[in-house]
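Residue numbers (my numbering): 61 to 346.
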């Protein structure tokens, strides 16, 4: 059995890591690692030893809770509503049969969707790009200004960083077959002013994402960013507490990591993102 804590890099991957701003050094001799426990939730394999300045991880803040209501002493407190709630449609209902649509119908339906107020602000819907039969599926958050203008997820500086991250593990958004990857967002329309998406908006768009996952049938999902994690895993736990283990969405293993835009602001955490990529790679390799 090969060492699951070691990932050998070739010259190309080292160059890609350098573009991510991650420096790598190798110990002269390493003690044999202890075998990994056989558990349902796997601990992320250690990335190659990364010489980076230590920095405090910035936890993702959970949404503000509503102020408690005053009730008589004998009454019980009202239960907290879950993240995914029934959405009160303010425009037109979501199209019927989303869970049975083929790729063309699904994309056309998303482009014409008016099931929430975001439709009135978009320039283009941002559906997804890449290999629709890829082993890897990357799920981001909501489209930004560049994505809204071009109709493609992860463009601009954050898209360039994502491309370098994917190249470091042998992937390319333009590749088909081996090395291919499918990239999408939780929301297909940009929130005005790049504000955070609401729970209702995430829930409204969720059927499109669910169908995309069903059609791709990836071997691993890389959930990048707070709102991707909320939509996929239905939790408001900070990313720092969810990293380093495998989760599940529709039976597909999910690896949680930081969004490239966050990594551009906090480059020291690129080392953690690299460890997440290694975990995803090991998952695909079985």
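Idealized CB from N, CA, C, for every residue including glycine.
Simplified DSSP assignment, three categories, for residue i
i, result
"residue 200", "strand"
"residue 229", "coil"
"residue 289", "helix"
"residue 127", "Residue placement at residue 127 is poorly supported in this model, since its pLDDT is 46, which falls under 50; the coordinates still yield a value, given next. It is coil, neither helix nor strand."
"residue 312", "strand"
"residue 294", "coil"
"residue 279", "coil"
"residue 332", "helix"
"residue 252", "helix"
"residue 152", "coil"
"residue 195", "coil"
"residue 376", "Only positions 61 to 346 of the chain appear in the structure, and residue 376 is not among them; the question remains open."
"residue 215", "coil"
"residue 70", "coil"
"residue 62", "Residue placement at residue 62 is poorly supported in this model, since its pLDDT is 48, which falls under 50; the coordinates still yield a value, given next. Residue 62 falls in the coil class under three-state DSSP."
"residue 346", "coil"
"residue 174", "coil"
"residue 157", "coil"
"residue 118", "Confidence at residue 118 is low in this model, with a pLDDT of 36, below 50, so the placement of that residue should be treated as unreliable; the coordinate-derived value is given next. DSSP places residue 118 in coil when its eight states are reduced to three."
Proximity below 9 Å, CB of residue i to CB of residue j
i, j, result
"residue 239", "residue 213", "no"
"residue 203", "residue 175", "no"
"residue 248", "residue 155", "no"
"residue 319", "residue 285", "yes"
"residue 343", "residue 306", "yes"
"residue 300", "residue 234", "no"
"residue 297", "residue 254", "no"
"residue 250", "residue 207", "yes"
"residue 315", "residue 339", "yes"
"residue 309", "residue 276", "no"
"residue 158", "residue 325", "no"
"residue 246", "residue 266", "yes"
"residue 211", "residue 186", "yes"
"residue 328", "residue 225", "no"
"residue 262", "residue 244", "no"
"residue 304", "residue 335", "yes"
Cross-strand partners of residue i (DSSP beta bridge)
i, result
"residue 245", "200"
"residue 181", "Note: residue 181 sits in no beta bridge, so no partner."
"residue 284", "317"
"residue 190", "242"
Extent of the continuous alpha helix (DSSP H) to which residue i belongs
i, result
"residue 326", "Counting along the chain, residue 326 falls outside any alpha helix (DSSP H), and DSSP gives it neither H nor E."
"residue 170", "163-171"
"residue 238", "Here residue 238 belongs to no alpha helix (DSSP H), and DSSP marks it neither H nor E."
"residue 206", "205-210"
"residue 262", "259-276"
Contact test: residue i Cβ vs the ligand SAH heavy atom, cutoff 8 Å
i, result
"residue 195", "No copy of the ligand SAH occurs in the structure displayed, which carries no ligand at all."
| query | Is it a yes or a no for the segment 150-170 touching the segment 206-224, going by three-plus beta-carbon pairs under 8 Å? | reply | Using a Cβ-Cβ distance cut-off of 8 Å, the segment 150-170 and the segment 206-224 are not in contact, since fewer than three pairs of beta carbons, one from each stretch, lie closer than that value.
| message | Taking 8 Å as the cut-off, does the segment 191-205 touch the segment 265-282 (at least 3 CB pairs, one atom from each stretch)? | response | yes
| message | I want to know whether the segment 228-238 touches the segment 255-270 - three or more CB-CB distances under 8 Å. | response | no
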